[in-house]
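In mature numbering (1 follows the signal peptide of the UniProt record, and there is no 0), the protein residues as written are -22 to -1, 1 to 222. Even for Gly, the Cβ is constructed at its ideal location relative to N, Cα and C.
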């Protein structure tokens, strides 16, 4: 009986397929998009849903971990978390000063613009910083310094985001009151590819094709071998029982 327990443990390890955790605590909608993207690029992935929180954990083959992370990164996944107005202005909060209220509204506007830019195709990450007009201590009016905005976008090299520079500047200008077009600083940076190269077998015989087929069908092959293993153990147990 003890021997069978060890065999069961070995089978469980075999069927696990050396899966490693890719990301956890993901919203279901975002996790589904990530799974679809990975499957579209022939990367096998499993998703586990926590029934208590509704969050999703993605697991992947260890050998595909590097390419999976890079593929998701090039497509802006996982998405950044942004604050909303309820978090900045919670109910029951004490009244803050006008300067604090203005700073909060400016930060909220930056977050909204970053979220909008991140939804553009090819954008990996976006950062927006808005400089407010400064009021002097002796006057309630703003000085002559104009409001300005700095925008940083990292994008996938597969996306031609430079052709959208004018649209991005107009988006920022129209979203921020009293912001002049010439006071918008925009920096676009293409990301580097960091994919792990696929090593092709050097053998010219049919064994290379067999290796490729086994790699592409790792899960069904593992299940099939596991089934054969279970059947063999069962036959061996029945045979020994008859001999006894």
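Around residue 34, the same chain offers 4, 6, 9, 25, 27 as residues with beta carbons nearer than 6 Å, after the five sequence neighbours per side are excluded.
A straight-line Cα-Cα distance of about 17 Å links residue 138 and residue 49.
DSSP places residue 8 inside the alpha helix (DSSP H), whose first and last residues are 6 to 18.
In the same chain as residue 106, and ignoring 5 residues on each side of it, the C-beta atoms closer than 6 Å to its own belong to 88, 91, 92, 129, in chain order.
Between residue -4 and residue 57, the C-beta spacing is not below 9 Å. Our two residues, residue 154 and residue 19, have alpha carbons roughly 39 Å apart in a direct line. Residue 140 and residue 167 have their C-alpha atoms spaced approximately 10 Å apart.
The Cβ-Cβ distance between residue 146 and residue 86 does not fall below 9 Å. By the neighbour-count criterion, in which 16 or more other beta carbons inside 10 Å mark a residue as buried, residue 45 falls on the buried side. For the pair residue 131 and residue 76, the Cα-to-Cα distance works out to about 31 Å.
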